[in-house]
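Residue 1 is where the sequence shown starts when you use full-length UniProt numbering, and the numbers rise one by one after that.
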Amino acid sequence: MESPSRSNRQVNKKRAIDHIEQEIDLVCNDLEQFIAAVHNKSWINFVKAAVKDVGQEGVLISPFHSMSAASLKWTLLHLNQIVFTETNKCKLGIHAVRVLDFNKRDGGLVSVCCLCKGSSKEVEEIYVEDIIADYSLIKTNIHAMYEEFKDSVIDHRWNLYNVKDWELSAPNMEKGCFDLIDIGQVFEMQLEEDPHVVVLATVMRNHHGLLCVRFGGKYTRMIHMLNTCCHHKGWTEKQKDEKLLRPNVDLIVGLEEDISNMLEPVTHLVFLNNDVMKHRLQRGAVLVYLNHDRNRFYFAHVVPTEDECPFYFHLCIGKEFVLHPNTNKPAFFHIYHEQLFAWSLIRKEPVRCHLPDEFEIYPNDTNKYEDEIDIYINYFTRYYKALVSEGVGPQDEYRQHINSLDAGRIKAIKKGLKTLKFVEILLPTPDGYSQLHAAEVVRVSMNLLTLKVPGRKGIIYVHPFDSNVYHFGACVDVSKNKSDRDFVLSY
């Protein structure tokens, strides 16, 4: 006979799920305020006709979309990662290997080298399935393994894989990451306006990883699952436990606390790579900022946050803070923010980087400086004189990816980029939400896309690796009927 307490829990969970279903209907009724319908089938057909004879390829477009669609195993695996595999070559039958390379095609071969004592460090190939995902097996042999591998592993201890995560992932290794997020599940989300504030967000729609979420009982937002603001439930408490290594954050649960606590959390596995890195930028460091409307570049410099957080910082253009449009308070930036560029990249593009609005140079200084960057540094950061030449914005991850490729592959990518004619882009709206737009590519380079968005005056700029840029048709299903729960991309 079923216990009363278990029966009550089931009733309460059903009520919570019913409530979420009602919330979904409310959100979907108003979905057009968040998502434009310009990416529907007529848009797809128009693009197909326009590129019929040439086709288009943009290998480096839609990184978030590609990564969220990839199998979970590729989220868990990293270059230089130390993993354990079974082998007949070593006396323990288990050996530690370092991941040198892997190919998502060709059956998923992984190139590794052995770290055992006395090994020749020869490169061998394994499959992801060969990696041990049994924590009990590792635990049984841990002392003998430590003596065998300690000299090699200790140097790479931060790259040692988490066996428990692999064990939890085993049933879903071949699933796309976005398939692991269900409607009604909850996760913790930092607010872009102030990443020190965390809310409990409920998934209302899942469009191949582009999520429509609700929080605080009444607020709705579009955010991608791989955005650095998205984390598993319990992430905030972990930051407090490791406060010297983590951002200082507080969870503001909101009005849906009682309901959300009854619902299933999104698995932490899909958020494993979402943490922000420390920026290591000093006060006054000068970089290039792409404004909120994405149509104008400015010189700007770094200003620490009030709590001198090593993960986030503010920007000033001249003497004025860059403000967030939703709050009219200083905006927060992290090292890979989409609107940040290194001057070394922008100076190669046919765009102008502006000095602060209303700025006037002293008459005697008119011919004193060769470049406007020198004017900015002398007038606004003369005591620091630090120029950020690399390591900021989405292009840094892009640069690392490019540098790992051979010359032939880079040449092929450049050739493919020249055929890129249409994309879709998620842009902010005046009321603080985001809207998906069709866009025509006016100019393309390895470091910058110049786009024309129908209905908008002028042009906008984005980096090819910007997480808000998608292949045409990537999110075609976001305007489906609210009763259609099968989010299969087809056109």
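Note that CB positions come from ideal geometry on N, CA and C, so glycine has one too.
Predicted model, so just to flag it, every value in this text is computed and none were measured.
Cβ-Cβ distance between residue i and residue j below 8 Å
i, j, result
"PHE178", "ALA69", "yes"
"ILE132", "ILE138", "yes"
"LEU287", "LEU340", "yes"
"LEU355", "PHE299", "yes"
"LEU414", "MET446", "Residue 414 is actually Lys in this sequence, not Leu. In contact: LYS414 and MET446 (Cβ atoms closer than 8 Å)."
"VAL128", "VAL110", "yes"
"GLU174", "SER71", "yes"
"ILE181", "VAL203", "yes"
"VAL303", "LEU290", "no"
"PHE359", "GLY318", "yes"
"PRO195", "LYS233", "no"
"ILE377", "LYS385", "yes"
"ILE252", "PHE297", "no"
"GLN81", "ASN159", "yes"
"ASN273", "THR75", "yes"
"ALA438", "PRO454", "yes"
Backbone CA spacing between residue i and residue j [nearest angstrom]
i, j, result
"CYS353", "GLY393", "16 Å"
"ASP374", "CYS309", "28 Å"
"HIS471", "SER434", "17 Å"
"PHE332", "GLY209", "24 Å"
"VAL38", "VAL423", "For VAL38, the predicted structure reports a pLDDT of 45, less than 50, and the residue's modelled location is therefore unreliable. The matter cannot be settled from this model."
"residue 493", "TYR461", "Because the chain is modelled from 1 through 491, residue 493 falls outside the range shown and cannot be assessed."
"LEU448", "PRO464", "6 Å"
"MET222", "ASN468", "11 Å"
"ASN295", "ARG456", "11 Å"
"VAL249", "GLN185", "22 Å"
"ASP293", "ASP307", "29 Å"
"ILE61", "ASN364", "47 Å"
"TYR379", "ASP357", "14 Å"
"LEU200", "PHE102", "36 Å"
"LEU211", "GLY93", "44 Å"
"GLY176", "ILE183", "16 Å"
"GLU86", "GLU125", "13 Å"
"LEU115", "TYR161", "14 Å"
"SER479", "LYS48", "Any reading at SER479 is ruled out, since the residue's pLDDT is 43, under 50, leaving its predicted position unreliable."
"LYS218", "LEU436", "22 Å"
"residue 512", "LYS121", "Absent from the structure is residue 512, since the part of the chain shown begins at 1 and ends at 491."
"GLN239", "ASP371", "43 Å"
"LYS348", "HIS231", "37 Å"
Residues near residue i in its chain [Cβ-Cβ closer than 8 Å; skip 5 each side]
i, result
"TYR383", "GLY284"
"VAL442", "THR450, LEU451, LYS452, ILE459"
"VAL163", "PHE84, ILE132, ALA133, ASP134, TYR135, ILE138"
"residue 512", "With the chain represented from 1 up to 491, any question about residue 512 goes unanswered, as that position is not in the structure."
Exposed unless 16 or more other CB atoms sit within 10 angstroms - verdict on residue i
i, result
"ALA407", "exposed"
"GLN282", "exposed"
"SER389", "exposed"
"THR381", "buried"
"ARG280", "exposed"
"PRO350", "exposed"
"MET225", "buried"
"ASP466", "buried"
"LYS73", "buried"
"ILE410", "exposed"
"PHE46", "exposed"
"LEU79", "exposed"
"THR140", "exposed"
"THR366", "exposed"
Same chain, Cβ closer than 6 Å to residue i, neighbours up to 5 away in sequence not counted
i, result
"HIS324", "GLU193, ALA331"
"GLN190", "VAL198, CYS229"
"ALA342", "VAL388, SER389, GLU390, VAL392"
"VAL123", "SER111, CYS113"
"VAL276", "THR228, PHE311, HIS334"
"GLU2", "Because GLU2 sits at a pLDDT of 46, beneath the cut-off of 50, its placement in the model cannot be relied upon, and the following sentence gives the value as read from the coordinates. Answer for GLU2: no residue qualifies."
"THR267", "LEU180"
"GLN56", "THR419, LEU420, LYS421"
"HIS95", "THR87, CYS114, CYS116"
Cβ-based neighbour list, residue i, same chain, cut-off 7 Å, excluding 5 preceding and 5 following
i, result
"residue 492", "One cannot answer for residue 492 here, as it falls past the ends of the chain, which runs 1 to 491."
"VAL444", "LEU417, LYS418, LEU420"
"ILE361", "ILE375"
"LYS329", "LEU323"
"PHE313", "HIS279, LEU281, VAL302, VAL303, PRO304, THR305, PHE333"
"PRO63", "PHE465, SER467"
Every unbroken beta strand (DSSP E) within the segment 273-307, with a cutoff of 3 residues, ordered by chain: 286-290, 297-304
I'd like the ranges of any alpha helix (DSSP H) spanning at least 4 consecutive residues and lying wholly in the segment 355-384. 372-380
What alpha helix (DSSP H) runs, 4 residues minimum, are completely inside the segment 425-458? none
Residue ranges of each beta strand (DSSP E) within the segment 61-141, 3 or longer: 82-86, 94-102, 109-114, 123-127
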